[in-house]
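With numbering that gives the first Met the number 0, letter number 141 in the sequence shown gets 140, and the count goes up by one each step, no holes. Notes to accompany the following structure.
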Amino acid sequence: MLLVDPGLYIGTVADLNDSQGLAAAAVTHILSVDSVDPAPLVPADGNFRRKWVNVLDEAGRSRSATIITSYLMKKHQLSFTEASLRLKAAKRTSSKVNSGFEEQLCLYEALHCEVDTSSPLYKQYRLSKIIEKYPEMRHIPRELFAADPPTAAPLKRALFRGSSVLSHSVGGGGAQAFGYRKSRDVQCTSYFIEPVQWMEPALVGVMDGQLLCPKCSSKLGSFSWCGDRCSCGSWVTPAFQLHHNRVDEIRQINIQK
Numbered sequence: 000m001l002l003v004d005p006g007l008y009i010g011t012v013a014d015l016n017d018s019q020g021l022a023a024a025a026v027t028h029i030l031s032v033d034s035v036d037p038a039p040l041v042p043a044d045g046n047f048r049r050k051w052v053n054v055l056d057e058a059g060r061s062r063s064a065t066i067i068t069s070y071l072m073k074k075h076q077l078s079f080t081e082a083s084l085r086l087k088a089a090k091r092t093s094s095k096v097n098s099g100f101e102e103q104l105c106l107y108e109a110l111h112c113e114v115d116t117s118s119p120l121y122k123q124y125r126l127s128k129i130i131e132k133y134p135e136m137r138h139i140p141r142e143l144f145a146a147d148p149p150t151a152a153p154l155k156r157a158l159f160r161g162s163s164v165l166s167h168s169v170g171g172g173g174a175q176a177f178g179y180r181k182s183r184d185v186q187c188t189s190y191f192i193e194p195v196q197w198m199e200p201a202l203v204g205v206m207d208g209q210l211l212c213p214k215c216s217s218k219l220g221s222f223s224w225c226g227d228r229c230s231c232g233s234w235v236t237p238a239f240q241l242h243h244n245r246v247d248e249i250r251q252i253n254i255q256k
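Shown next as structure tokens:
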């Protein structure tokens with residue numbers, strides 16, 4: 000059991016049997032991470048500052064290191080690298096955060112140490128992991144799909160909300176490295192969005208295909224769980240794109256009397 004921060008230790012399951020050691024360190028609470036909720040990026044809460052806590056793993060220390068790293072990032076406003084170095088200096092051991100947890104912590108840093116499930120960064124990360132968990136795409140969680148937006152105009156069909164748009168770096172990513180587009184005048188001609196409920200029949204059990212209008216069945220765009228290239232040259236994974244010239248954008252205008 001090693002002191003990492005005032006009031007916070009990192010240990011192993013063996014520490015549970017060391018009642019004298021726990022009492023000597025004034026440990027009042029133990030956080031076990033032998034089993035964790037599948038939702039990523041659950042940081043240690045601020046109450047740690049008012050308790051003496053021992054964070055422990057059942058086997059290894061990657062998960063406990065992840066929890067403590069996220070806590071250090073949040074409390075001290077550190078980057079992932081800075082928090083990792085502080086933990087390494089305190090532990091003086093070879094254990095470290097594994098690559099999967101490291102990716103989550105880098106996302107946590109990009110989200111300014113907040114768990115914002117509405118963020119495009121969070122949505123894109125979650126989508127990128129779906130194909131790893133469901134390689135045949137036959138059991139896609141229903142909660143992955145955004146709700147169909149309400150349709151106001153009788154002759155039109157609302158397809159997605161502005162909050163469903165997933166931004167990407169224009170002309171960036173792997174395509175730029177391979178010189179896919181050398182012109183500086185790069186433009187995106189498609190909306191890349193998160194899956195919406197009306198798409199579900201087309202997506203389940205299929206790796207790629209067309210996206211058809213749920214009202215008139217005309218082609219609106221395409222999808223690929225393996226990713227696709229935007230007209231600007233950026234590679235987006237996975238890709239659910241609707242072409243600008245196939246949809247109309249509805250803007251709300253606030254009229255003040």
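For every residue, glycine included, the Cβ atom is placed at its ideal position computed from N, Cα and C.
For Q209, the secondary structure class from DSSP, reduced to helix, strand or coil, is strand.
The Cβ neighbour count for K155, taken over all protein chains shown within 10 Å, is under 16; the residue is labelled exposed.
DSSP lists Q240 as the bridge partner or partners of F191. Assignment of D14 by DSSP, reduced to helix, strand and coil, places it in the helix class.
Within a 10 Å sphere around the beta-carbon of Q240 sit 16 or more other beta-carbons, which makes this residue buried.
Residue state for G20 is assigned as helix, using DSSP reduced to three classes. For F100, the uninterrupted alpha helix (DSSP H) run begins and ends at 98-109, by DSSP. Of the residues assessed, A23 falls on the exposed side of the cut-off, its CB having fewer than 16 other CB atoms within 10 angstroms. About 11 Å separates the beta carbons of L77 and D4, which is beyond the 8 Å limit, so they are not a contact pair.
In this structure, F144 and L165 do not form a Cβ contact; the two beta carbons are roughly 14 Å apart against a cut-off of 8 Å. With distances taken between CA atoms, L120 lies nearest to P237 out of S69, P237, M0. In the three-state scheme derived from DSSP, where H, G and I count as helix and E and B as strand, L202 is classed as helix. Contact between L126 and E193 holds, with the beta-carbon distance rounding to 7 Å and staying under 8 Å.
S223 sits in a strand when the DSSP states are folded into three classes.
Spatial neighbours of L21 in its own chain (CB-CB distance under 6 Å, excluding positions within 5 residues in sequence) are not present. Bridge pairing for V235: D227 [DSSP].
Within a 10 Å sphere around the beta-carbon of R250 sit fewer than 16 other beta-carbons, which makes this residue exposed. Within the model, the alpha-carbon separation for E101 versus T68 is close to 10 Å.
Annotated three-state conformation of K122 is helix, per DSSP.
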